[in-house]
Amino acid sequence: MRLSNTTLSLACSALMLCACGGGDGGSSLSTQSATAAATSTSSNAKVQAAAAAVTVCGANSTSPLAGVRTWMYQLQDLLTDAQINALDAQPYDMVVVEAGNTVKTQETFNTAGMVTRLRTKADGSPRKVIAYIDIGQAESFRTYWIDNQWKVPTATKPGVPDFILTVDPDGWADDYPVAYWDQRWQDLWLGTNGAVAQLAREGFDGVYLDWVEGYTNAKVVAAAKKAGVNPAKAMVDFIARIRAAGRAINPQFAVIQQNAPELIDAVGAARLLPNLDAIAQEDTWFGGDAGASWGDASGTDQGASADDTQWTIEQLQKHCAGGLPVFTIDYALTAPNPKTVYTASRSLGFRPLVSRVALSKPTTTPPWNY
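This is the structure in structure tokens:
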């Protein structure tokens, strides 16, 4: 679906702002946390007023996430009471977090207790709590990785088990693309004792699927061809099974696809969209280096090209046209970049967030109209 001239002009105006630079665009975390409860009502009113001017993607859909307007994404440093409280104090409608007990040495972490705490905002209203999972890569720090049996791959040789195909192409340590159609891999996630059912039982409202784009990885494509598998269709089939596993526990269990907005072209909207409850996209306007720490400047403010941004917007609009909520996550700190993202994303009917690549704290660049 092509964008209208009006939509394109809004997006291009935002892109022109990206080059303006400026000072620090963030407010302090402590100030935001201290005032979040007091400002939540007025902040939400501002967000709703802004959203009223545009049609918010999926706002009238049957998706369990249709009512979400703001969200936060934190995958690290969420183990202590203080860290959980800092996130819980935020006014966001949805949070995407790790299930801490899936990480080695953290098996006793009370994930269900964390979810219970996060499910209610400071003003008493409900919040969606979504679990991050990587379905396209094996992560050697996860509890499913058996140290004395599993072995990491190299750039030229698969690991053990042999469904672990190669190293991460973007430089993320401990992440290894897999043949996700392999039954051994799917068995870790599916069924009554699988990871997805466990997450649903712990109270998560859904899952946030990373590395869906694995279906385009060269080593994955080669392995799929050898196995006689269509990698795009196999990915959608896997997503459908994940959703079914969650909904066997919670009929409103939501599935969010992260990235790979071109998958809709590879398999068709009719095949993909019924298996999703939302899509989230990184780096539409700004990205950062893989593995950068929270304080590392390389983890923010790397502007996408105008062509890449336009292509991404057009792909996301296809999901929007199909009635799906669309979330964006960009990595920016320097003013006016955060405001640029929030303005442009909201003008398109998307639900934006600006943070840093590390995703280790609630963002210090909250929506500028909070």
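Under mature numbering (1 follows the signal peptide of the UniProt record, and there is no 0), the residues of the sequence shown are numbered -21 to -1, 1 to 349, in order.
Even glycine gets a Cβ: it sits at the ideal position worked out from N, Cα and C.
Simplified DSSP assignment, three categories, for residue i
{"i": "Pro331", "result": "strand"}
{"i": "Ala290", "result": "Correcting the residue type first, residue 290 is Trp in the shown sequence and not Ala. Looking at Trp290 - three-state DSSP - the assignment turns out to be helix."}
{"i": "Pro105", "result": "strand"}
{"i": "Gly46", "result": "coil"}
{"i": "Gly92", "result": "helix"}
{"i": "Tyr187", "result": "strand"}
{"i": "Gly302", "result": "coil"}
{"i": "Pro156", "result": "strand"}
{"i": "residue 353", "result": "Residue 353 is absent from the model: the chain starts at -21 and stops at 349."}
{"i": "Lys130", "result": "strand"}
{"i": "Ala314", "result": "coil"}
{"i": "Asp147", "result": "coil"}
{"i": "Gly217", "result": "Reading off the sequence shown, one finds Phe at residue 217, where the question assumed Gly. Correct three-state label for Phe217: helix."}
{"i": "Gly225", "result": "helix"}
{"i": "Gly115", "result": "coil"}
{"i": "Ile63", "result": "helix"}
{"i": "Asp244", "result": "helix"}
{"i": "Ser339", "result": "coil"}
{"i": "Asp280", "result": "coil"}
{"i": "Ala206", "result": "helix"}
{"i": "Gln162", "result": "helix"}
Euclidean distance between Cα positions of residue i and residue j
{"i": "Gly92", "j": "Ile63", "result": "10 Å"}
{"i": "Gly4", "j": "Val200", "result": "Unreliable positioning characterises Gly4 in this predicted model, as indicated by a pLDDT of 39, which lies under 50. The coordinate reading is nonetheless provided below. Taking the straight line from one Cα to the other gives about 41 Å."}
{"i": "Gly37", "j": "Asn80", "result": "33 Å"}
{"i": "Thr319", "j": "Pro331", "result": "11 Å"}
{"i": "Glu261", "j": "Thr133", "result": "27 Å"}
{"i": "Pro345", "j": "Val333", "result": "7 Å"}
{"i": "Glu86", "j": "Tyr123", "result": "11 Å"}
{"i": "Leu58", "j": "Asn89", "result": "9 Å"}
{"i": "Tyr310", "j": "Ser277", "result": "10 Å"}
{"i": "Ala285", "j": "Gly301", "result": "25 Å"}
{"i": "residue 351", "j": "Asp166", "result": "What is shown of the chain runs -21 to 349, which leaves residue 351 out entirely."}
{"i": "Ala323", "j": "Pro317", "result": "10 Å"}
{"i": "Arg250", "j": "Cys299", "result": "15 Å"}
{"i": "residue 364", "j": "Asn39", "result": "The shown model of the chain, from -21 to 349, leaves out residue 364, and the question about it has no answer."}
{"i": "Met(-6)", "j": "Phe306", "result": "Any reading at Met(-6) must be qualified, since the residue scores a pLDDT of 37, below 50, and its modelled position is unreliable; no value is offered."}
{"i": "Lys340", "j": "Gln69", "result": "11 Å"}
{"i": "Thr135", "j": "Gln231", "result": "42 Å"}
{"i": "Ala213", "j": "Asp102", "result": "43 Å"}
{"i": "Asp147", "j": "Ala283", "result": "21 Å"}
{"i": "Pro156", "j": "Ile143", "result": "6 Å"}
{"i": "Ala326", "j": "Val33", "result": "Here residue 326 turns out to be Ser, not Ala, going by the sequence shown. Cα to Cα, Ser326 sits roughly 6 Å from Val33."}
{"i": "Pro105", "j": "Ser42", "result": "16 Å"}
7 Å Cβ cutoff met for residue i and residue j
{"i": "Thr279", "j": "Leu312", "result": "yes"}
{"i": "Leu338", "j": "Leu54", "result": "yes"}
{"i": "Arg335", "j": "Trp273", "result": "yes"}
{"i": "Ile228", "j": "Tyr52", "result": "no"}
{"i": "Gln116", "j": "Trp168", "result": "no"}
{"i": "Ala197", "j": "Leu44", "result": "no"}
{"i": "Ala233", "j": "Asp184", "result": "yes"}
{"i": "Leu252", "j": "Leu303", "result": "yes"}
{"i": "Ala219", "j": "Ala245", "result": "no"}
{"i": "Val47", "j": "Gly328", "result": "no"}
{"i": "Ile235", "j": "Lys297", "result": "no"}
Integer-rounded CB distance, given that residue j should sit under 8 Å from residue i
{"i": "Trp50", "j": "Val76", "result": "Not really, about 11 Å apart at Cβ, beyond 8 Å."}
{"i": "Gly182", "j": "Arg98", "result": "7 Å"}
{"i": "Gly170", "j": "Ala176", "result": "7 Å"}
{"i": "Tyr321", "j": "Ala259", "result": "Wrong, their Cβ atoms sit about 15 Å apart, outside the cutoff."}
{"i": "Asn254", "j": "Glu192", "result": "The pair is not a contact, with the Cβ atoms about 16 Å apart (cut-off 8 Å)."}
{"i": "Ile125", "j": "Ile221", "result": "Contact doesn't hold; Cβ gap of about 22 Å is too wide."}
| message | Closer than 8 Å is the cut-off here; do at least three beta carbon pairs connect the segment 263 to 282 with the segment 136 to 152? | response | yes
| field | Any 3 or more C-beta pairs closer than 8 Å across the segment 93 to 111 and the segment 126 to 139 | value | no
| Is it true that the segment 156 to 174 meets the segment 204 to 213, where meeting means three or more beta-carbon pairs spaced less than 8 Å apart? | yes
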